[in-house]
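With the sequence shown counted from 1, adding 89 to any position gets you this note's numbering.
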Amino acid sequence: MRKRIFMLTLALASTLIAACAPVQPKRDYVPRDDLKVDPEIRQFLVVEDLLSQRIKLADDSTLLRIQFSVQAYQDTEMEWAVTWFDDDGMVVPGVGEGYRTARVLQNQTRFFTATAPHERAVSYQLHLREDREP
């Protein structure tokens, strides 16, 4: 009888301890497009190519680099920015973040390059919008 009470007490204590263990929240991954072009600028230009590759550094680490080209239907002032993400979908911060301005002339194709700030970056989102500076 004592053995049975001891076993029930042990089972109850084990259950209570297990119930107190932290539970990892389920991660919901939101699909993200690699390219996001605002509607206001979409009528003035088109992104012709968007390529990515890992480049090898002297210390054998690698960084993600993207290259893209834009062709304008008319003279266009635009801004572009790249947001870098790690394996978990979290933003990889870098120096000099923010939008860069560029001017693309009518029927001109311009080429742009951006390199990830850290080797943890495995994906990206390129965002193009019209120039918002006065």
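Each residue gets a CB set at the ideal place from its N, CA and C atoms; glycine is no exception.
Please read these numbers as outputs of a predicted model, since none were measured by experiment.
Task: Own chain, CB closer than 6 angstroms to Gln-156, minus 5 neighbours either side, in chain order - done: Leu-140 and Thr-202
Task: Ala-102 (DSSP reduced to helix, strand or coil) - done: helix
TODO: Could you say if the stretch 130 to 145 and the stretch 182 to 191 meet the contact criterion of at least three C-beta pairs nearer than 8 angstroms?
DONE: Between the stretch 130 to 145 and the stretch 182 to 191, the count of C-beta pairs closer than 8 angstroms stays below three; the two stretches do not touch.
Task: Whether Ala-205 touches Leu-146 by CB criterion (8 angstroms) - done: no
Task: Endpoints, beta strand (DSSP E) assigned at Glu-137 - done: 134 to 145
- [ ] Following the continuous beta strand (DSSP E) through Arg-192, name the residue where it begins and the one where it ends.
- [x] 189 to 193
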